[in-house]
Amino acid sequence: MAQVTEADVYGALSQVNDPDLHKDIVRLGFIKDLKVEGGDVSFRVVLTTPA
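With numbering that gives the first Met the number 0 applied, the sequence shown covers 0 to 50.
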């Protein structure tokens, strides 16, 4: 199995659109602290409005 890269994760997350702003969450800068370590992926989603 191929190793997952940060670019792979950003690519997948760029398919997720904010329903109000109609742009992807990567372009909007909502993804912070993305890390790929071995088979684990972690990141924070920081929204601009209260959830």
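Cβ atoms here follow ideal geometry from the backbone N, Cα and C, with glycine treated the same way.
Short Cβ contact (8 Å threshold) for residue i with residue j
i: V40; j: V15; result: no
i: E5; j: L33; result: yes
Nearest residue (CA-CA) to residue i, options the options
i: L12; options: I24, P18, A1; result: I24
C-alpha gap between residue i and residue j, whole angstroms
i: L20; j: V44; result: 15 Å
i: T48; j: I30; result: 14 Å
i: A1; j: R26; result: 26 Å
Nonlocal neighbours in the same chain, by C-beta distance under 7 Å from residue i, ignoring five residues either side
i: K22; result: N16
Own chain partners of residue i with C-beta closer than 8 Å, once the 5 adjacent residues on each side are dropped
i: Y9; result: V25, I30, L33
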